[in-house]
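The sequence shown runs 58 to 236 under our numbering.
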Amino acid sequence: QNSEKSQNVNDVKQSSEDLSGLLELEQQKSLQFEEKLKHVLADFQNLSKKTQSDIEHGVNSKIDEFMLDFIKIYDDFIRAKEVISESKINADGLNSILKNMELLMQKYHIIPIEALGEIFNPTFHEAISIISDPTLDDNTITKEIRKGYISHERIIRPTLVEISKKDDDKKWLKLLVLT
């Protein structure tokens, strides 16, 4: 009977060890699944952010494209107003349309880029002409050829400008004498 009890104790110990081993194995599997779940969740969050960003970029791109077309029409109305004003014709109706267009641009945060007298910045300006003026600092914008616009800190259209350079004739004279 003692040997039977001893055998039962050994069996219980063996079963206990087997169960402990199985428990440890299941805990490891649980930790692995938990890690996989964390990675899948992180991947999902990254995908969600990227998708949201792509959607916003696409919408903003289409809005900017539309506003650029709108601004071209607005420019035509501005030119028409200048011609009508020179002809001394009543432009009240045209002024009203321009005011409405400007309010629409304001509503959608389309802001003109102020350039005249500023220093040239290639982010906001596109220089298409250079004049020589020793009284101005280099790269001072002397003329706005076409107005530029910003929307929500994005450049919709850069301002076309004329800039100054301090080319004085004495520099060229010195170069000619030295050669």
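A virtual CB, placed ideally from N, CA and C, is assigned to each residue, including glycine.
Please read all numbers here as calculations on a predicted model, not as lab measurements.
Judged by DSSP secondary structure, residue 154 falls within the alpha helix (DSSP H) whose first and last residues are 149–164. Using a 10 angstroms sphere on the CB of residue 99, the tally of other CB atoms stays under 16, which defines it as exposed. DSSP, reduced to helix, strand and coil, places residue 198 within a strand of the structure shown.
For residue 135, the closest of 97, 211, 204, 171 by C-alpha to C-alpha distance is 204. If you draw a 10 Å sphere on the C-beta of residue 114, you find fewer than 16 other C-beta atoms in it, and that means exposed. In the DSSP assignment, residue 222 falls within the beta strand (DSSP E) that extends over 216–222.
Comparing alpha-carbon positions, the option among 156, 150, 217 lying closest to residue 179 turns out to be 217. Counting along the chain, the unbroken beta strand (DSSP E) around residue 184 starts and ends at 182–189.
The C-beta of residue 201 has 16 or more other C-beta atoms within 10 Å across all chains shown, which makes the residue buried.
Close CB contacts of residue 224 within its chain, under the 7 Å cut and outside five residues either way in sequence, are with 189 (chain order).
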